[in-house]
Structure formats: structure tokens, C-alpha cells
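Residue numbers (our numbering): 429 to 812.
This is the structure in C-alpha cells:
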């Protein structure tokens with residue numbers, strides 16, 4: 429099977445889209461599939477791109493609304509045209525496959541089209557700040573693009589049940605073409621069972637090490653994580669909260685139990701190694717997100733035998749299963765509920781260790797790219 433792997437960016441650059449497009453590409457190649465790349469179709473200096481940027485500026489300053497350049501139909505048609513030109517140069521391509529939807533909604537080709545993504549446009553509106561206060565034009569363009577993509581494709585794969593459900597309920601997508609396959613962990617080498625066993629057993633039972641890993645303090649629930657750590661310390665469980673990706677926003681000085689490390693880039697070998705080390709040493713990844721389409725970082729935490737604590741929001745419930753690889757709380761849950769869960773596991777520390785091993789098992793059996801891409805490969809074969 430020969431695929432045309434279509435992206436708007438360079439899929440061989442791990443820095444794009446948090447590395448997800450890169451890791452999907454690598455996993456496809458490991459499945460012995462022939463993969464031809466069609467990427468970097470954006471031209472930010474084209475007349476259409478410049479006109480879209482001008483429109484964005486006018487909406488922002490004159491109408492105080494948000495305009496989405498990347499949903500501009502003329503721009504999307506430009507992407508599609510360039511993609512078709514590149515596709516015509518390839519021989520014997522069986523299927524067009526993309527880790528996104530924006531650039532295939534206007535794609536005119538005689539091969540089956542399939543995509544694998546983590547959200548629909550409808551699921552994003554008023555969910556993320558970028559998709560709030562949208563002008564009517566962008567709302568119309570966004571929904572039209574999504575509908576066109578779903579109508580044209582042979583296969584619509586989503587990373588979560590939440591995203592798949594919005595495709596069905598809002599856009600009336602054909603149930604037979606909608607599938608759910610979770611994303612995997614964006615790591616280069618999977619730890620072995622013995623390595624994870626060592627990590628789990630090396631974690632102290634008298635100090636709770638929480639890790640907050642995100643660039644948006646409030647959207648990722650940093651304020652909740654801080655309160656949880658504070659309350660645990662006040663209750664007598666020594667707790668340390670390490671913050672990576674952003675600076676903690678606090679009233680006054682940063683508490684002594686908080687370790688702010690700032691932004692650490694995963695695009696460098698040292699940065700990647702440091703983040704992996706911080707995850708591996710932690711008892712829990714705590715990200716009580718207010719909005720999250722998926723969260724590959726949860727899969728990465730599980731790969732080191734680290735359970736995750738978050739909220740029942742967006743695509744997270746597809747990844748985290750309560751008492752299997754972590755715990756999900758309702759959006760209105762009290763801080764005391766988070767603390768009780770953590771405290772109970774430290775009182776019965778062997779239960780924590782069982783949960784940590786279970787989290788690693790979820791990674792091995794369900795949340796790694798080899799497993800998920802193999803599932804996708806079989807779905808693509810059926811679509812040809």
C-alpha cells in the first residue's frame with residue numbers, strides 16, 4: 429500500500445504540531461508502508477494569504493471579533509491546488525492520508541481520502557480561546573470546510589470518542605466512515621518493563637511529586653494543581669509541584685513547595701531528555717484542563733508508569749480510564765476530592781504502585797504509535 433501523506437507543514441520536522449505529524453509518519457514507515465510526502469504547501473506571502481491577514485486585522489481592530497485565516501476558502505483552495513499538483517507527480521498512490529482536515533476539504537482527486545485528527549471545527553468553537561468570539565464569516569467558513577472534508581473522505585479517523593461524536597451529531601457524518609483510534613506517545617524509545625519497574629520502585633513513599641506540564645497555566649488547570657499541592661502539604665503529606673512550560677501565576681511569592689522550571693523545548697535532545705526525566709521521577713502528571721482536544725502528554729506519562737490526574741473534558745476520557753491509568757474528575761469537583769484521591773493512594777502505597785504499573789500497561793497495549801498506527805493501517809487497507 430502506497431500513501432500520499434499530506435500536511436500543510438514539513439512532517440519531517442518534529443517541532444511542528446507538537447511532533448504528532450512527525451511521529452505518525454515515522455510509525456507509518458515502521459509498518460513497511462510506502463509513504464510519499466506532500467507538505468509545506470503554505471505560502472504566507474501569496475496575495476490570498478496577505479489578503480486574509482488584512483481581513484484578520486480589520487475584524488480584530490474594527491469589529492473586535494476574531495477571523496480565522498486558516499479557514500479562508502480561497503486559501504484552502506490554494507492549498508488543495510498545490511497538493512493536487514504534487515500528487516500528479518507521484519505514481520501508483522493508493523490513498524491520500526492526512527493528520528488534519530483543513531487542506532483536504534477542497535481536494536479534487538481520484539484516490540480515496542482519509543484523515544486522522546483530534547477535533548472537528550464544531551468541537552473547537554467556544555472551547556479554546558482562539559475559537560471564541562468568532563465572526564460570522566469564520567463560523568460559516570469553518571463549518572463549510574469541515575462538512576466538505578467529511579463528505580469527500582472515505583475514512584474519518586478521530587483520536588477520541590468526543591471528536592467522533594461531534595462529527596456524527598453536528599455534521600451528520602456517515603457512521604460507517606467514522607472511526608476512533610487514539611494517538612500515541614511522542615517519544616523516541618519506549619521504556620522496557622524492567623526500566624519502568626525501577627522507576628516506580630524508586631519513587632519515594634513519603635513525598636508526593638506532582639508534575640504540571642503545559643504552556644497555558646489557566647487552561648491546563650495550573651490554578652487547581654497549585655491548590656491541590658498546597659492542601660496536601662497542609663494536611664501533612666509532603667508534596668512538591670514541578671511546573672514546566674509556563675510560569676505559575678500566584679498571589680505574592682511562589683510557595684516553597686513549587687519548583688518552576690519554565691519552558692523546556694522538546695525539539696532539542698537535552699530538552700527532551702530533561703522532560704522525560706521529570707515525568708519519570710513524578711508520582712502523577714496533574715493537568716486538570718478546562719479545555720483539551722486530546723493530550724498526547726498523558727500517553728507520554730503512562731509510558732513511564734506515571735498515572736494522570738485530569739478532568740472529564742474533551743478527548744481526555746478516551747485516554748485516561750479511572751483507576752486504570754489515572755483519575756478523571758468532574759469539572760466542578762472540589763480540590764478536596766483531588767487531595768483525597770492522592771492521599772488514599774499514599775496511605776495504601778502498594779495500590780499506587782499497582783496503578784503505576786497499570787498505567788504502563790495502558791501505554792504498551794493501547795497508547796503507543798506502533799499499536800495505533802497498525803490499527804489505522806488496517807482501516808486504510810479496507811478503505812482502498
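The C-beta atom is built at its ideal place from N, Cα and C for all residues, glycine as well. Note that this is a predicted model, so its numbers are computed, not measured.
Fewer than three pairs of CB atoms, one per stretch, sit closer than 8 Å, so the region 455-468 makes no contact with the region 486-497. Residue range 724-731 is occupied by the alpha helix (DSSP H) that includes residue 727.
Counting along the chain, the unbroken alpha helix (DSSP H) around residue 593 starts and ends at 589-599. For residue 588 against residue 743, the beta-carbon gap comes to about 3 Å, under 8 Å, which counts as contact. Listed in chain order, the alpha helix (DSSP H) elements of length 4 or more contained wholly in the region 471-500 are 475-490. Per DSSP, residue 464 is one residue of the beta strand (DSSP E) stretching across 462-466. Excluding sequence positions up to five before and after residue 774, its CB lies within less than 8 Å of the CB of 633, 636, 665, 780, all in the same chain and listed in chain order. Judged by their CB atoms, residue 508 and residue 535 are nearer to each other than the 8 Å cut-off. For residue 787, the enclosing alpha helix (DSSP H) starts and ends at 777-793. It is roughly 12 Å from the alpha-carbon of residue 514 to the alpha-carbon of residue 436. The continuous alpha helix (DSSP H) containing residue 628 extends over residues 621-630. For residue 703, the CB contacts under 8 Å within the same chain, skipping 5 residues up- and downstream, are 641, 672, 692, 694 in chain order.
A contact is defined here as three or more CB-CB pairs under 8 Å, and the region 751-768 meets this definition with respect to the region 717-737.
Under the three-state reduction of DSSP output, residue 535 falls in the coil class, being neither helix nor strand.
Residue 526 is not a Cβ neighbour of residue 506, given a cutoff of 8 Å.
The three-state reading of DSSP puts residue 541 in strand, counting E and B together. Annotated three-state conformation of residue 433 is strand, per DSSP.
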